[in-house]
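Accompanying notes for the structure given below.
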């Protein structure tokens, strides 16, 4: 699952002229470290929803890569 | 020395503003400018001269300007600044004297493909502005694009009360909390999307905020709770405003009330659509009035005679973080690209910006889809403002049509 998340994050970053990530660092901030703006975050949540049928911002605002992984794992999805 | 505007590392006082107005020799007929202070200075200078001017988004592309039917050479045209201002009182006297000939043209995304031109005079722009002793110590965070209607509303409310405005609209999000604290900001008005953008960066409460207003997008109850955590002393409000009519209703929670002042100028059609009397509107040749009533496209539910809730939108306009996009405009640009046979642009909802645009595209056989997606995005970046660019493309064999031949957008 982590590889898939990395792939989705990189699709969003690359398309919007931002630097791709090599490693999935769970502590990384989507906004500060990855440089995502609100449209990038909106695109990310829609792409993750298409893949896992889960809305990562359902219970409020999240900011760390690890929080996405946690949300998906909790649902028992791989 | 009262502060007028804070932008980047500049603190511009009302005295500085007057000096800068006096140094201004020419006023642009079209304000097409990035620097928000420059925009406001030009705007004020045009009012004291009673000029007719147009406000454009600084990121409009050549294609977008062409669609607005603006001729490039017109952008260079200027008026002479014939007025010198002595002090702040004199400034407001000159505004009062020349306001009747002043006119501001704005563009709003039209429902039928081409953007609509809306002309406002000072009266229609400042209808919602309140001036009194009570407001004289307010300190505003400026969190809208100053070329858009909501930004103008904040500007006039603050300016008429000679309040400072702290520009946080495109500020680095990490700095927002510090700036709110440093300037003791008391009032913020922004879209829900803007609040969602800054919230993760506000680590501690900002007690100075007395009022936080949300507008331009769907009401979000969760967001209210989050805002109260960081602005514990704030009174939260929602406003309903449009480029056509200005700021009309405000609400606590999601129930909007109709003030007795305009009660006879608001009506509800049989299907629940909110209608606004033409006397509350700016002027436009392209408004389609139903007798004397303007159809807002908003479907509402009446609670009682003077209260209602918004239920849905009747038009095809898509709200992306407070910016309304006409999907037809985006489709027209995509169709101009080589290899594209047909396209439909739709909304996908999400909790960050309300919606994003997604496009289904039919392309000629044998074209590499991943490459085409990148190419389309690159071309659109040059032609459209960023929020008008679809974020996800899917390639389809056929675009679904309704029986009347209209594209199925849902």
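Protein chains in written order, with our numbering: chain A, 274 to 351; chain B, 927 to 1336. Cβ coordinates follow ideal geometry from the N, Cα and C atoms, glycine included.
With a 10 Å radius around the Cβ and a threshold of 16 neighbouring Cβ atoms, residue 341 (chain A) comes out buried.
When DSSP reads this structure, residue 929 (chain B) sits in a beta bridge with B:939. Residue 1077 (chain B) has a beta carbon lying at 8 Å or more from every beta carbon in chain A. No residue range can be given for residue 1232 (chain B), since it is assigned to no beta strand (DSSP E) and is classified by DSSP as neither H nor E. Excluding sequence positions up to five before and after residue 1293 (chain B), its CB lies within less than 7 Å of the CB of 1265, all in the same chain and listed in chain order. Between residue 1173 (chain B) and the set B:1141, B:1197, B:1230, the nearest pair of CA atoms involves B:1141. Between the stretch 1280-1296 of chain B and the stretch 1245-1261 of chain B there are three or more inter-stretch CB-CB distances shorter than 8 Å, so the stretches are counted as touching. Secondary structure at residue 1160 (chain B): coil, using DSSP grouped into helix, strand and coil. Of the candidates B:1278, B:1234, B:1199, the residue whose Cα lies closest to the Cα of residue 1222 (chain B) is B:1199. The CB of residue 311 (chain A) comes closer than 9 Å to the CB of 1119, 1120, 1122, 1123, 1247, 1278, 1279 in chain B, given here in chain order. Under the three-state reduction of DSSP output, residue 967 (chain B) falls in the helix class.
Residue 1233 (chain B) places its beta carbon 8 Å or farther from that of residue 1219 (chain B). Scanning its chain for C-beta atoms nearer than 8 Å, with the 5 sequence neighbours on each side dropped, one finds around residue 939 (chain B) the residues 927, 928, 929, 930, in chain order. At a Cβ-Cβ threshold of 8 Å, residue 1243 (chain B) and residue 1237 (chain B) do not count as neighbours.
Around the C-beta of residue 1004 (chain B), fewer than 16 other C-beta atoms lie within 10 Å, and the residue is accordingly described as exposed. Under the three-state reduction of DSSP, residue 294 (chain A) is assigned to coil, being neither helix nor strand. Between residue 1207 (chain B) and residue 1171 (chain B), the C-beta gap is smaller than 8 Å, which places the two residues in contact. Of all C-beta pairs linking the stretch 1086-1098 of chain B to the stretch 293-309 of chain A, fewer than three are shorter than 8 Å, placing the two stretches out of contact. In this structure, the CA atom of residue 1155 (chain B) is about 7 Å from the CA atom of residue 1131 (chain B).
Just so you know, the alpha carbons of residue 1145 (chain B) and residue 1312 (chain B) end up roughly 24 Å apart. Under the 10 Å beta carbon count, residue 1291 (chain B) is surrounded by fewer than 16 other beta carbons and is classified as exposed. Annotated three-state conformation of residue 961 (chain B) is coil, per DSSP.
Within chain A, the C-beta atoms nearer than 8 Å to that of residue 1282 (chain B) come from 312, 315, 316, 319, in chain order. For residue 1085 (chain B), the secondary structure class from DSSP, reduced to helix, strand or coil, is helix.
Residue 1112 (chain B) and residue 1009 (chain B) have their C-alpha atoms spaced approximately 34 Å apart. Remark: C-beta atoms of residue 316 (chain A) and residue 1184 (chain B) do not approach each other more closely than 8 Å. Three or more Cβ pairs closer than 8 Å define a contact, and the stretch 1044-1057 of chain B falls short of that threshold against the stretch 1006-1020 of chain B. Membership of residue 995 (chain B) in any alpha helix (DSSP H) is not indicated, and neither H nor E is assigned to it by DSSP. Residue burial is scored here from C-beta neighbours: residue 934 (chain B) has fewer than 16 other C-beta atoms within 10 angstroms and is therefore classed as exposed.
Exclusion of the five residues before and after residue 1123 (chain B) leaves 1099 as the residues of its chain whose Cβ lies within less than 7 Å of its Cβ. According to DSSP, residue 948 (chain B) shares a beta bridge with no other residue.
Fully enclosed beta strand (DSSP E) runs of no fewer than 3 residues occupy 1066-1068 of the stretch 1049-1077 of chain B, in order along the chain. Between residue 977 (chain B) and residue 1028 (chain B), the C-beta spacing is below 8 Å.
Inclusion of residue 1030 (chain B) and residue 996 (chain B) in the CB contact set at 8 Å is not warranted, their separation being larger than that value. Contact between residue 1177 (chain B) and residue 1193 (chain B) is ruled out by a C-beta separation of about 19 Å, above the 8 Å threshold. Under a criterion of Cβ atoms nearer than 8 Å, the residues of chain B adjacent to residue 334 (chain A) are, in order, 1122, 1125, 1126, 1152.
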